Amino acid sequence: MRTTSEQGAPALSPGRGTSARAHVVLPAYNEAASLPPLLRRLADVALAERLTAWVVDDGSSDGTAEVVAAGVPGLDLRLVSHPVNLGLGQAVQSGLRAVLAEAAGSDLVVVMDADDTHDPDLLRRLRAEIDAGADVVICSRFVDGGDDATAPPLRRLLSRGAAVLFRRLVRVEGVRDFTSGFRAYRADLLARATRHWGERLIEERGFACMVELLLKLRHCRPVVTEVPLVLRYDRKQGASKIRIARTVGQYLKLLARDRLAPAPHRAL
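Going by the working numbering, the first residue of the sequence shown is number 784, and it counts up by one from there.
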């Protein structure tokens, strides 16, 4: 297990092999109970996949960093640390920056929740979609085969309301599930976007960061596909960290900012 600070500019390295590596970014805040089973599942996937897991410890106080430091046999595991809690947006940003400093342009970058509600077995499907030509693949609750019945009712309502809002007001071809935290991206797509936005690639601190990233990436004209996600909220340890009213406000603020901000003046 190697440790990386949250600082450093992203720069893609050239390809280092015949098959792309999957870099899995796991933003984590007080997930010491959920990480061990998730990391074991990732280690099982790593038996057949070239895979590196990057846990971003966002100022946890429960021993999350110690779980990562202990390592998991068979899993290339890295730790990115925030001394204090900075929020989901900055955790995702730090994870992407750390990955892009090492990734090859052909690699795929996967962001998934660290609370064990997302199934690592979907990584094979994500790789297949990227290999078939997709630039972004969303694990979606709102396509045939997707399901979030185990999630709390208010959280399900929030996800569906946000999906309707953004589908009606923002055009992103191929997207039904705007708020899913389980996605795969081509590394070279993220690198192009980072060269343009830099530290502003993700400005939202909370859960709206996933929508923000998608809205900014649309200016790169990516091919976006979705695969079914069965959310395993029944495996979650502890209470949800999302605050419904605050997140609704973040979505509305993000939508207003997106509509007022000019599009990039050049092709990305």
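The beta carbon of each residue, even a glycine, is placed where N, CA and C say it ideally should be. Just so you know, these numbers come straight off a predicted model, no measurement behind them.
With H, G and I counted as helix, E and B as strand and the rest as coil, what does DSSP make of residue i?
i, result
"E849", "helix"
"E1009", "strand"
"S942", "helix"
"V953", "coil"
"A859", "Inspection of the sequence shows that residue 859 is occupied by Asp rather than by Ala. In this structure, D859 counts as strand in the three-state DSSP scheme."
"S796", "In this prediction, S796 scores a pLDDT of 45, lower than 50, which makes its location untrustworthy; no coordinate-derived value is stated."
"S877", "helix"
"H865", "strand"
"A826", "helix"
"A887", "strand"
"D1017", "helix"
"H979", "helix"
"V958", "coil"
"Q790", "With a pLDDT of only 40 at Q790, under 50, the local geometry of the prediction cannot be trusted, and the value read off the model is given with reservation. Here Q790 sits in coil by DSSP."
"P819", "helix"
"L1051", "coil"
For residue i, which residues from the same chain have a beta carbon less than 7 angstroms from its beta carbon, with the 5 sequence-adjacent residues on both sides left out?
i, result
"P819", "V850"
"V774", "Coverage of the chain is limited to positions 784 through 1051, which leaves residue 774 absent and any answer about it impossible."
"C992", "L871, G872, V875 and I985"
Just to confirm the assignment, what range does the beta strand (DSSP E) spanning residue i have?
i, result
"P810", "A805 to A811"
"V838", "L834 to D841"
"R908", "Unbroken run through R908 is the alpha helix (DSSP H), L905 to D914; no beta strand (DSSP E)."
"L891", "L891 to V894"
Assuming residue i is part of the alpha helix (DSSP H), what are its boundary residues?
i, result
"T1030", "I1027 to L1043"
"E995", "C992 to L1000"
Cβ atoms of residue j and residue i: under 8 angstroms apart, would you say?
i, j, result
"L834", "V807", "yes"
"V838", "L809", "yes"
"I921", "E1009", "yes"
"A887", "A970", "yes"
"A805", "V893", "yes"
"L1012", "G878", "no"
"A897", "S817", "yes"
"R954", "A946", "no"
"A848", "D840", "yes"
"F990", "T1030", "yes"
"G944", "V1007", "no"
"S843", "A811", "yes"
Tell me which residues share the same chain as residue i and place their Cβ nearer than 6 angstroms to its Cβ, disregarding the 5 neighbours each side in the sequence.
i, result
"M895", "H901 and F965"
"R988", "G870 and G872"
"A815", "D845, G846, T847 and V850"
Would the beta-carbon of residue i be found less than 7 angstroms away from any heavy atom of the ligand ATP?
i, result
"R954", "Summarising the ligand content, the structure contains no ligands, and the ligand ATP is consequently not present."
To which residues of the same chain is residue i closer than 8 angstroms at the C-beta, ignoring the five residues directly before and after it?
i, result
"E982", "Q876"
"L948", "Y1034 and L1038"
Can you check DSSP and say which residues form a bridge with residue i?
i, result
"A967", "V893 and V920"
"D930", "V1013"
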